[in-house]
Every structure is written in C-alpha cells, then in structure tokens.
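In what follows, a structure is listed as structure tokens, so that the remarks can point back to it.
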Amino acid sequence: MHSLHDEKGVVKLFFENYSRQEIVAKAASSVSGLCDQAFHDGVLRLLYHLYFSPLALSCPPPPSLRLRVLGDLIKELETTGQEVPELAYRLHGQLSSSPRAASTDGHVVYQLTPVVSVPVWENRCLLAADTTGLRTWQAGKALLDWYMLRPDGLKDRRVLELGAGLGLTGLALCRLCQPKSYSITDGHPLVVQMLKYNVNKTLELVKDNLVMEDDAACAEFVASAADLTDLPEASAGPPEGGDTSDPGGDLRTTLDGTELTVGKLDWFKFTAEDARKLDIDLVLTADVTYNPELHEPLVRTLSLVLDNVQPAPQVLLALTDRNEDTTARLMRELASQGLKQRLLATPANNQSAFQMDEMSKVKMFDITRLEE
Ligand SMILES: C[S@@+](CC[C@H](N)C(=O)[O-])C[C@H]1O[C@@H](n2cnc3c(N)ncnc32)[C@H](O)[C@@H]1O
Numbered sequence: 000m001h002s003l004h005d006e007k008g009v010v011k012l013f014f015e016n017y018s019r020q021e022i023v024a025k026a027a028s029s030v031s032g033l034c035d036q037a038f039h040d041g042v043l044r045l046l047y048h049l050y051f052s053p054l055a056l057s058c059p060p061p062p063s064l065r066l067r068v069l070g071d072l073i074k075e076l077e078t079t080g081q082e083v084p085e086l087a088y089r090l091h092g093q094l095s096s097s098p099r100a101a102s103t104d105g106h107v108v109y110q111l112t113p114v115v116s117v118p119v120w121e122n123r124c125l126l127a128a129d130t131t132g133l134r135t136w137q138a139g140k141a142l143l144d145w146y147m148l149r150p151d152g153l154k155d156r157r158v159l160e161l162g163a164g165l166g167l168t169g170l171a172l173c174r175l176c177q178p179k180s181y182s183i184t185d186g187h188p189l190v191v192q193m194l195k196y197n198v199n200k201t202l203e204l205v206k207d208n209l210v211m212e213d214d215a216a217c218a219e220f221v222a223s224a225a226d227l228t229d230l231p232e233a234s235a236g237p238p239e240g241g242d243t244s245d246p247g248g249d250l251r252t253t254l255d256g257t258e259l260t261v262g263k264l265d266w267f268k269f270t271a272e273d274a275r276k277l278d279i280d281l282v283l284t285a286d287v288t289y290n291p292e293l294h295e296p297l298v299r300t301l302s303l304v305l306d307n308v309q310p311a312p313q314v315l316l317a318l319t320d321r322n323e324d325t326t327a328r329l330m331r332e333l334a335s336q337g338l339k340q341r342l343l344a345t346p347a348n349n350q351s352a353f354q355m356d357e358m359s360k361v362k363m364f365d366i367t368r369l370e371e
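Numbering (numbering that gives the first Met the number 0), first residue to last: 0 to 371.
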C-alpha cells in the first residue's frame with residue numbers, strides 16, 4: 000500500500016495549527032524511506048488534503064499559510080534531492096501571483112474526533128479589524144478541553160456563552176456534549192457576523208458529511224493528478240461581508256440535537272430585563288478579561304445574570320493569566336460587585352486536544368455571589 004502513512008496527522012496539524020515548520024518536517028519525515036513512487040504519491044496525497052478534497056474546497060485555509068507550506072515543502076524536497084511533483088510547482092506559482100497571496104484569513108478545521116469537526120473562519124492577526132475576536136484563543140480551547148474530558152457535564156444543560164468570538168468552543172460543545180440549548184454571543188458586530196458564518200459552515204459540513212477520510216477519492220486523485228488541467232481557485236475570498244456594523248437578528252437553528260442561538264450580547268448594554276428573559280443554567284466565558292476596561296461591564300453582566308435568573312446559574316470563567324496585575328484587578332472588580340471566584344483548575348498542557356503555547360497559564364474559575 001503506497002501511502003503517506005502519517006498523512007492524517009500531517010493534515011490535522013495543517014488545519015489546526017498553522018505551524019509550517021512542523022507540517023513540513025512531519026510531512027518530510029513521514030515520506031522519507033519510502034520508495035520513489037510511494038514518496039511521490041505520498042506528497043500528492045498531502046496536496047489532495049490541503050487543496051483538492053471536498054473538505055479543503057469547502058473550507059480553504061488562509062492563502063498565506065498555503066503559500067508558505069507549499070514553498071517550504073518544495074524547498075525541503077529540492078534540498079533533499081527528492082522529485083517535486085509538477086502539481087506542487089503549479090499550485091505555488093498560481094498562488095504566489097494571486098493578489099490575496101498574503102492574506103491571513105481563512106478556515107481552520109478543528110478535527111475533534113475522527114468523525115466530528117468544526118470549521119472556523121479565522122484571521123490569525125492578533126488584532127484584526129480592530130477586534131480580538133477573529134481568532135480562537137487559548138482559554139476558549141481550554142474550556143473546550145475541560146468538557147471534552149467531562150462529556151456528560153453539559154448533557155441537557157442550557158448554556159449561555161459570553162464573548163464567544165468565532166464560536167469554536169460553543170460549536171464543538173454542541174457537537175460533542177449534547178447540551179439542551181446553547182446561546183453563543185459576542186458584542187462585536189463583525190465577530191457576530193463571522194460567528195454566524197461559522198455556524199452555517201458547520202451545518203453545511205454536517206449535512207454533507209464532510210470529514211477528512213475519503214480514501215477512494217484520494218487514490219483516484221493521486222492516479223490522475225498528472226493529467227489535471229484546472230487548479231482550484233488560488234484563494235477564495237473572505238465570506239460575504241455585508242454591513243459589518245449590523246450583525247442582524249439572532250440566528251436560531253439546531254445542531255446535532257442542541258437548540259442553538261447566535262446573536263449579539265454587548266456587556267455595556269446588558270440589563271436586568273435582558274437577564275430575566277434568559278432560560279439558562281450555565282454561563283461560560285473564556286479569554287475575555289485581558290483588557291481591564293472590560294472588567295466592570297463583564298462583571299456587571301455576570302452579576303445581573305446571577306441575580307435575575309432563577310435558580311442562579313453556574314458561572315464558569317476561563318482566563319489566560321498573562322499579567323498578574325490584570326488578574327488582580329479582575330478579582331478586585333468581582334469583590335467590589337459582591338462576587339467571589341473559586342479556582343477550579345489550571346489545566347495541564349498534556350491534557351489538551353490542541354497544540355498550546357500558553358496553556359499552563361490558563362485558569363478556570365467558578366463565580367458566585369459572596370454570601371453563598
Ligand atoms: C480574546 S477574544 C476571546 C474569544 C473566545 N472566547 C476565545 O476564547 O477564543 C475576546 C472576545 O470578547 C468580545 N468582547 C469584547 N468586548 C465585549 C463586550 N463589551 N460585550 C461582549 N463581548 C465583548 C470580543 O468581541 C471578542 O470576541
């Protein structure tokens with residue numbers, strides 16, 4: 000059987016992590032030692048998953064990433080004296096002349112189990128379009144890890160997520176943990192718009208049953224790659240923007256049996272009346288405390304929810320402790336609004352389903368009223 004034996008791992012890395020050195024090193028080590036034909040086919044199989052598979056066509060990764068991976072892969076093959084498939088050169092040439100070659104926005108497909116994935120459109124810039132919400136953060140992944148290790152912890156729960164960003168945590172939890180209902184919210188209109196795009200993309204993937212495994216189609220591709228005349232579009236543009244100042248009304252749908260709502264919830268505008276309308280028993284929020292200016296409205300929102308939803312929901316907050324002073328200020332804000340925190344966990348890197356840089360700095364708290 001001529002195949003890139005570690006191909007799934009390589010592709011998984013590619014989609015999840017954007018670390019081109021690792022992808023190329025892993026790809027190169029997994030094909031080295033194979034006979035020439037197997038080596039050649041292995042590289043083609045990799046190109047299939049990165050470019051031509053139904054999943055890659057539906058969720059194209061950022062052009063800048065594809066370009067760097069192709070460039071590094073070609074360089075690696077050339078310097079080790081291996082044959083570079085003609086197709087790799089053509090893809091590289093087409094992309095490098097595209098006006099969007101440097102664009103950092105595109106899809107990351109988080110493969111959570113062999114059959115469950117969540118596609119998330121992200122922009123890897125730390126601050127894109129003046130918001131932190133266009134990429135997925137460490138604490139959001141840690142919160143997801145927390146429930147992946149406790150899959151029954153959300154069964155039949157009614158969840159509200161605050162400052163959800165692009166929705167990986169919520170979408171994955173709906174797919175893996177069967178909450179009864181889940182409301183994914185964020186305060187930034189553009190983020191909410193992208194969040195809705197990601198929900199629709201996830202629904203599309205579920206409907207079309209798109210997963211990474213498609214060995215027959217991949218083998219067919221490898222056999223006919225030399226005759227390929229048409230290349231896929233070099234770089235699909237970002238999802239239709241529309242009016243980014245207006246995210247529109249709530250999106251309501253069902254995902255794997257969970258009633259899912261997506262909408263705007265801005266902590267600065269949240270009221271007691273809004274809280275009374277909520278039908279929830281759990282609030283989740285991750286990586287939303289990096290900016291001390293947001294502490295007061297965030298804590299007020301939590302406080303309003305705790306006081307106005309009966310019975311008071313459980314509140315779980317995950318943060319990345321990047322700066323002692325910022326964390327201390329958050330604790331003071333909680334105390335000044337009559338709330339207290341209890342440290343639940345400092346998740347360990349080796350328990351994570353993701354590649355983490357700063358995971359050891361993630362802390363999970365539950366938040367309650369002081370008198371409880
Ligand atoms: C660092 S991101 C974290 C996103 C996500 N929770 C994660 O872990 O990947 C912070 C999020 O908080 C949102 N946010 C900031 N201010 C907000 C506000 N006033 N109301 C609601 N969300 C807000 C941002 O739009 C952004 O999506």
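Glycine residues also receive a C-beta, built at the ideal position from the N, C-alpha and C atoms.
- If you draw a 10 Å sphere on the C-beta of R157, you find 16 or more other C-beta atoms in it, and that means buried.
- Note on L303: 16 or more other CB atoms within 10 angstroms of its CB, so buried under the neighbour-count rule.
- Inter-residue distance for L315 and K339 is about 12 Å (C-alpha atoms, whole angstroms).
- In this chain, the alpha helix (DSSP H) harbouring I73 covers 62–78.
- Within the region 81–112, the runs of beta strand (DSSP E) that reach at least 3 residues and sit entirely inside it are, in chain order, 104–110.
- The criterion of a C-beta distance shorter than 8 Å is not satisfied by A344 and M330.
- If the five residues before and after K200 are omitted, its C-beta is found closer than 6 Å to the C-beta atoms of P118, all from its own chain and listed in chain order.
- Taking 7 Å as the cut-off, the C-beta of A171 does not count as close to any heavy atom of ligand 1.
- Within 7 Å of the C-beta of T135 there is at least one heavy atom belonging to ligand 1.
- Membership of Q192 in the alpha helix (DSSP H) is indicated by the continuous run 188–207.
- In the DSSP assignment, the residues bridged to E258 are S180, T253.
- Using a 10 angstroms sphere on the CB of R65, the tally of other CB atoms reaches 16 or more, which defines it as buried.
- Within its own chain, no residue has a Cβ closer than 6 Å to the Cβ of Y88 once the five positions on either side in sequence are excluded.
- When rounded, the separation of the alpha-carbon atoms in E85 and L46 is 11 Å.
- Counting C-beta pairs closer than 8 Å gives fewer than three between the region 315–324 and the region 194–210, which falls short of the contact rule.
- Here K360 carries a helix assignment [DSSP, helix/strand/coil].
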